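Here the structure is laid out as structure tokens; the discussion comes afterwards.
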Amino acid sequence: VTVIDRTHLSILFNETINKTEGRIIVGEDTAMNSYNTAEAVVTDKTAVLELEAALPASVATSNMLLTVKGIKDLSGNAINATTGLVYPFMAPNDVTAPIALVSVTVDNKIEIVFGETIDEFIAADYTLVNAADTTLVIPSTFTYTPLTLKAVVLLNTLPTVTTNYILKLKDTILDQSVNQVKLVEKDYSVQIVIPVPVVTP
Numbered sequence: 020v021t022v023i024d025r026t027h028l029s030i031l032f033n034e035t036i037n038k039t040e041g042r043i044i045v046g047e048d049t050a051m052n053s054y055n056t057a058e059a060v061v062t063d064k065t066a067v068l069e070l071e072a073a074l075p076a077s078v079a080t081s082n083m084l085l086t087v088k089g090i091k092d093l094s095g096n097a098i099n100a101t102t103g104l105v106y107p108f109m110a111p112n113d114v115t116a117p118i119a120l121v122s123v124t125v126d127n128k129i130e131i132v133f134g135e136t137i138d139e140f141i142a143a144d145y146t147l148v149n150a151a152d153t154t155l156v157i158p159s160t161f162t163y164t165p166l167t168l169k170a171v172v173l174l175n176t177l178p179t180v181t182t183n184y185i186l187k188l189k190d191t192i193l194d195q196s197v198n199q200v201k202l203v204e205k206d207y208s209v210q211i212v213i214p215v216p217v218v219t220p
């Protein structure tokens, strides 16, 4: 059993399993913790399971139990459906804060690339202010694409001249480990460059 992140487990069997039969139980045998094998993404010997409830931080320091019941191989041989097989597992004890790299693209988009998967990125996770007057909050919108670990911040209105800004990334940004490690809050200097028009005599 391998913990991918706080909401995903990878379970490796010793042979290819039937994708539709049996149960996987994470922790206590409750409705929320019990999954039909069909709910997992099964590829040959491996089942990847998305959890309804995130794993607790305690699984980084003490064992949690995973039980498989009634799962069959392709010949129909089944793990006992009543007692099952029980496997203790732990998550990596991640204490490293996520990092971010900030840059400005040629088309004046502020690009944030995170060093690992984060829990989410929302409007409350950043502020953008004018560097010359930090009381002046700059209206902006953003997108975040988990697959690429990239957020893009767009100013609602571009300045008419080259302008410096401060982008603050807040410690409300968390990684996807069971410890939910916070990003270290930091200010980033960014510059939106507006070319000076060439005047033809």
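Under the working numbering, think of the first position of the sequence shown as 20, with each following residue one higher.
Using N, Cα and C, we set each Cβ at its ideal position, and we do this for glycine too.
The structure displayed is predicted, hence computed values, not measured ones.
Under the 10 Å beta carbon count, Asn198 is surrounded by 16 or more other beta carbons and is classified as buried. Excluding five sequence positions before and after Ile192, the CB atoms of its chain that fall closer than 6 Å to its own CB belong to Ile137, Asp144, Leu202, given in chain order.
In the DSSP assignment, Phe133 is bridged to Ala119. Just measuring C-alpha positions, the residue of Glu204, Lys64, Ile211 sitting nearest Thr182 is Ile211. DSSP, reduced to helix, strand and coil, places Thr26 outside both helices and strands of the structure shown, so it counts as coil. For the pair Lys187 and Phe108, the Cα-to-Cα distance works out to about 38 Å. In this structure, Arg25 is the residue among Lys205, Arg25, Pro214, Pro216 with its C-alpha nearest to the C-alpha of Asn112. One thing to note: Gly89 has its Cβ within 7 Å of the Cβ of Ala100.
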